[in-house]
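Residue numbers (full-length UniProt numbering), protein chains in the order written: chain A, 1 to 239; chain Z, 1 to 274.
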Amino acid sequence: MSQHTVTAFEEDMSFLAHKIAEMGGHAERMMEQSVRALVENDLQLARRVVTDDLVLDEALRLIDDKSVLVIAQRQPVASDLREVFAAIRISTDLERIGDLAKNIAKRVEAINEGKHGVRLVRGIEHLCELTLAQLKEVLDAYGTLSTDKLSMIRDRDDEIDAMYTSLFRELLTYMMEDPRNITTCTHLLFCAKNIERIGDHATNIAEAVYYMVEGDRMPPYRPKDDKSHKISVEAGEGQ
Amino acid sequence: MKVDTQQGFADGTATAVAGSNEFPVKMDGKNVNVFYGDKQAIFDVNLEIRERQVTALIGPSGCGKSTYLRCLNRMNDTIESCRVTGLITMDGEDIYDPSIDVVELRARVGMVFQKPNPFPKSIFENVSYGPRIHGLARSKADLEALVEQSLRGAGLWDEVKDRLQEPGTGLSGGQQQRLCIARAIAVSPEVILMDEPCSALDPIATAIVEELIDELRQNYTIAIVTHSMQQAARVSQRTAMFHLGELVEVDDTETMFTNPSEKRTQDYITGRFG
Ligand SMILES: Nc1ncnc2c1ncn2[C@@H]1O[C@H](COP(=O)(O)OP(=O)(O)OP(=O)(O)O)[C@@H](O)[C@H]1O
Ligand SMILES: [Mg+2]
Numbered sequence: 001m002s003q004h005t006v007t008a009f010e011e012d013m014s015f016l017a018h019k020i021a022e023m024g025g026h027a028e029r030m031m032e033q034s035v036r037a038l039v040e041n042d043l044q045l046a047r048r049v050v051t052d053d054l055v056l057d058e059a060l061r062l063i064d065d066k067s068v069l070v071i072a073q074r075q076p077v078a079s080d081l082r083e084v085f086a087a088i089r090i091s092t093d094l095e096r097i098g099d100l101a102k103n104i105a106k107r108v109e110a111i112n113e114g115k116h117g118v119r120l121v122r123g124i125e126h127l128c129e130l131t132l133a134q135l136k137e138v139l140d141a142y143g144t145l146s147t148d149k150l151s152m153i154r155d156r157d158d159e160i161d162a163m164y165t166s167l168f169r170e171l172l173t174y175m176m177e178d179p180r181n182i183t184t185c186t187h188l189l190f191c192a193k194n195i196e197r198i199g200d201h202a203t204n205i206a207e208a209v210y211y212m213v214e215g216d217r218m219p220p221y222r223p224k225d226d227k228s229h230k231i232s233v234e235a236g237e238g239q
Numbered sequence: 001m002k003v004d005t006q007q008g009f010a011d012g013t014a015t016a017v018a019g020s021n022e023f024p025v026k027m028d029g030k031n032v033n034v035f036y037g038d039k040q041a042i043f044d045v046n047l048e049i050r051e052r053q054v055t056a057l058i059g060p061s062g063c064g065k066s067t068y069l070r071c072l073n074r075m076n077d078t079i080e081s082c083r084v085t086g087l088i089t090m091d092g093e094d095i096y097d098p099s100i101d102v103v104e105l106r107a108r109v110g111m112v113f114q115k116p117n118p119f120p121k122s123i124f125e126n127v128s129y130g131p132r133i134h135g136l137a138r139s140k141a142d143l144e145a146l147v148e149q150s151l152r153g154a155g156l157w158d159e160v161k162d163r164l165q166e167p168g169t170g171l172s173g174g175q176q177q178r179l180c181i182a183r184a185i186a187v188s189p190e191v192i193l194m195d196e197p198c199s200a201l202d203p204i205a206t207a208i209v210e211e212l213i214d215e216l217r218q219n220y221t222i223a224i225v226t227h228s229m230q231q232a233a234r235v236s237q238r239t240a241m242f243h244l245g246e247l248v249e250v251d252d253t254e255t256m257f258t259n260p261s262e263k264r265t266q267d268y269i270t271g272r273f274g
């Protein structure tokens with residue numbers, strides 16, 4: 001698209017786009033590192049993730065301030081308006097993703113004391129890979145303004161939900177097997193839940209990108225598949 | 001709040017906009033071409049102006065907005081070199097038909113200009129002039145009532161009721177513009193054309209005129225030329241985008257300012273032209 005006649009407006013808009021891209025990269029990294037810290041029992045890495053979250057909080061503040069200023073000074077319309085609107089929404093989602101990754105990192109210490117076996121975290125690792133791929137793809141879509149894959153990406157959120165449900169079941173089974181697993185498994189359950197919610201935020205971002213580019217809502221959503229709220233384990237099962 | 005786009009907001013605002021296709025067409029232009037001498041200023045424009053709606057005409061300077069607006073009450077007739085072809089109808093009737101009385105047409109299609117242009121006469125006479133020459137008032141009392149009603153309609157009555165005999169030119173710019181609007185509505189027009197009516201006004205006077213436009217919409221059909229994108233977005237329900245004498249697109253204002261179809265519209269309203 002051609003440039004704005006007013007250079008400062010052009011600069012404000014690219015500032016927003018760059019900051020979102022930066023936040024996106026940072027959120028991805030935090031998520032990846034928090035789960036790696038968990039899998040490898042790496043406390044140092046976990047602590048770094050926790051302090052890293054400040055960067056996202058600061059970036060969110062900058063995007064908020066700039067967006068408010070752009071609205072006040074330039075009264076953006078059409079694609080500009082949609083871009084500012086998307087920046088506000090996406091930055092909020094990315095900041096939440098950072099919080100969720102931080103929360104995973106904080107649990108590493110608690111889990112470390114219980115010393116999990118590799119078997120317990122394999123599911124989490126896999127869930128993380130799937131979710132991270134989703135996040136990468138929606139951020140790529142933001143960067144390239146391409147919407148062709150977005151509804152597919154969003155619909156794939158169901159896979160994450162399904163995997164979370166089975167992970168939930170698996171962790172419950174471990175707890176039944178040996179009550180000494182309960183502390184660790186509860187923390188892992190929260191970690192899994194956090195990852196699943198990161199997937200939801202990726203879905204929100206997909207929707208925001210779609211609206212930004214197309215000026216319209218994404219075609220209707222397929223029903224969700226998270227059935228974990230219905231799961232219970234009968235005593236004796238899995239023993 | 002969750003809004004179903006089909007249903008609109010609970011107060012019906014979105015429905016009114018979305019359903020703007022249902023408003024009857026008041027004035028219709030078909031294949032309109034306008035020439036100043038050899039130079040063509042309007043190219044094959046087809047544009048409906050719908051009843052009880054505000055239609056905004058936007059586009060870069062020189063694109064033909066004023067020219068098109070002036071076709072709608074045949075103000076272009078007063079320009080020697082100007083020639084209009086195509087069909088322009090009001091309520092289905094050809095306004096360029098030889099049987100049409102142009103003076104009567106201009107009473108039915110009133111106009112408000114960019115610069116407030118009150119006559120160098122009293123406030124009262126500014127408003128009463130039109131009704132008098134069109135024989136709209138039978139008595140002095142009738143005329144006084146009509147002047148009051150028009151000034152009230154233009155939101156000016158309270159400010160001038162004690163100084164009706166003072167010259168209209170002694171009012172502030174914003175008051176003068178509302179006086180011109182009062183003058184336009186005094187002859188009970190069906191359509192009001194406004195050519196950048198707020199460009200000489202400060203933000204408060206502008207807000208008052210915009211509020212007035214919104215009220216006038218209940219009883220009149222309005223077409224407004226404006227250079228302010230925000231004004232077009234605020235006061236109109238339909239927006240027509242002109243460029244180089246062509247109509248680029250016309251759509252519901254809400255759509256035009258969130259998701260226009262044409263690149264030229266997008267570039268113009270986002271400030272990317274040139
Ligand atoms: N009286 C005239 N004689 C000759 N050419 C004219 C006359 N009035 C307008 N034009 C030409 O017709 C074209 C359209 O002019 P018009 O005034 O309709 O544009 P506009 O969209 O109203 O511009 P602006 O936003 O600057 O008021 C321009 O190229 C202009 O030079
Ligand atoms: Mg003009």
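We treat Cβ as the ideally placed atom computed from N, Cα and C, and that holds for glycine. For clarity, every value in this text was computed on a predicted model and none was experimentally measured.
State yes or no: is the beta carbon of residue i nearer than 8 Å to at least one beta carbon in chain Z?
{"i": "V6(A)", "result": "yes"}
{"i": "G143(A)", "result": "no"}
{"i": "G236(A)", "result": "Unreliable placement is indicated for G236(A), whose pLDDT of 47 sits below 50; the coordinate value is still reported in the next sentence. No, its Cβ sits nowhere closer than 8 Å to a Cβ of chain Z."}
{"i": "A78(A)", "result": "yes"}
{"i": "D216(A)", "result": "yes"}
{"i": "L81(A)", "result": "yes"}
{"i": "S67(A)", "result": "no"}
{"i": "F9(A)", "result": "yes"}
{"i": "K230(A)", "result": "no"}
{"i": "S2(A)", "result": "yes"}
{"i": "Q73(A)", "result": "no"}
With a 10 Å radius around its C-beta and 16 neighbouring C-beta atoms as the bar for buried, classify residue i as buried or exposed.
{"i": "D195(Z)", "result": "buried"}
{"i": "E80(Z)", "result": "exposed"}
{"i": "H243(Z)", "result": "buried"}
{"i": "K115(Z)", "result": "exposed"}
{"i": "S66(Z)", "result": "buried"}
{"i": "G143(A)", "result": "exposed"}
{"i": "S91(A)", "result": "buried"}
{"i": "K263(Z)", "result": "exposed"}
{"i": "F257(Z)", "result": "buried"}
{"i": "Q177(Z)", "result": "buried"}
{"i": "R163(Z)", "result": "exposed"}
{"i": "A145(Z)", "result": "exposed"}
{"i": "H26(A)", "result": "buried"}
{"i": "K26(Z)", "result": "buried"}
{"i": "Q175(Z)", "result": "buried"}
{"i": "F9(Z)", "result": "Any reading at F9(Z) must be qualified, since the residue scores a pLDDT of 38, below 50, and its modelled position is unreliable; the value itself is stated next. Per the 10 Å Cβ criterion, exposed."}
{"i": "G19(Z)", "result": "Since pLDDT at G19(Z) reaches only 47, below the 50 mark, its modelled position is unreliable, and the value read off the structure follows with that caveat. Exposed, by the Cβ-count rule."}
{"i": "T131(A)", "result": "buried"}
{"i": "R183(Z)", "result": "buried"}
{"i": "S14(A)", "result": "exposed"}
{"i": "Y120(Z)", "result": "Per the sequence shown, residue 120(Z) should be read as Pro rather than Tyr. It counts as exposed."}
By Cβ distance below 8 Å, which residues in the same chain neighbour residue i in space, the five residues on each side in sequence not counted?
{"i": "residue 241(A)", "result": "Outside the displayed span of chain A (1 to 239) sits residue 241(A), for which this structure offers no information."}
{"i": "N210(Z)", "result": "Here residue 210(Z) turns out to be Glu, not Asn, going by the sequence shown. Within the same chain, E210(Z) has close Cβ partners C198, Q231, R234 and V235."}
{"i": "I208(Z)", "result": "G155, G174 and R178"}
Can you name, in chain order, every residue of its own chain whose Cβ lies under 7 Å from the Cβ of residue i, other than the five neighbours on each side?
{"i": "S151(A)", "result": "M218 and P219"}
{"i": "G173(Z)", "result": "P116, A200, L201 and A205"}
{"i": "I153(A)", "result": "Q134, E137, V138 and A206"}
{"i": "P76(A)", "result": "V70 and V84"}
{"i": "I42(Z)", "result": "V32, N33, V34, G64, T67, Y68 and G245"}
Just to check my reading of the structure: residue i and residue j have Cβ atoms closer than 8 Å, yes? What is that Cβ distance to the nearest angstrom?
{"i": "S122(Z)", "j": "L143(Z)", "result": "About 13 Å separates the two Cβ atoms, so there is no contact after all."}
{"i": "I181(Z)", "j": "I222(Z)", "result": "About 11 Å; that fails the 8 Å criterion."}
{"i": "M23(A)", "j": "A101(A)", "result": "Not really, about 12 Å apart at Cβ, beyond 8 Å."}
{"i": "A78(A)", "j": "Q266(Z)", "result": "5 Å"}
{"i": "T5(A)", "j": "F273(Z)", "result": "7 Å"}
Is the CB of residue i under 8 Å away from at least one CB in chain A?
{"i": "T253(Z)", "result": "no"}
{"i": "Q149(Z)", "result": "no"}
{"i": "Q231(Z)", "result": "no"}
{"i": "I224(Z)", "result": "no"}
{"i": "D28(Z)", "result": "no"}
{"i": "P260(Z)", "result": "yes"}
{"i": "T270(Z)", "result": "yes"}
{"i": "F242(Z)", "result": "no"}
Apart from the five residues just before and just after residue i, which ones in its own chain have a Cβ nearer than 6 Å to its Cβ?
{"i": "R70(Z)", "result": "N76"}
{"i": "L212(Z)", "result": "G155"}
Counting only runs of 4+ residues fully inside the UniProt domain "PhoU" (20–108) of chain A, write out the alpha helix (DSSP H) ranges in chain order.
43–74
Could you tell me which uninterrupted alpha helix (DSSP H) segments, each at least 4 residues in length, are contained entirely in the segment 136–202 of chain Z, listed from first to last along the chain?
140–153, 157–160 and 173–186
For the segment 54–135 of chain Z, list the alpha helix (DSSP H) runs that are entirely contained and at least 4 residues long, ordered along the chain.
65–71, 102–108 and 123–133
Length at least 3, wholly inside the segment 164–188 of chain A: the beta strand (DSSP E) runs in chain order
DSSP runs (the beta strand (DSSP E)) wholly in the segment 164–188 of chain A: none.
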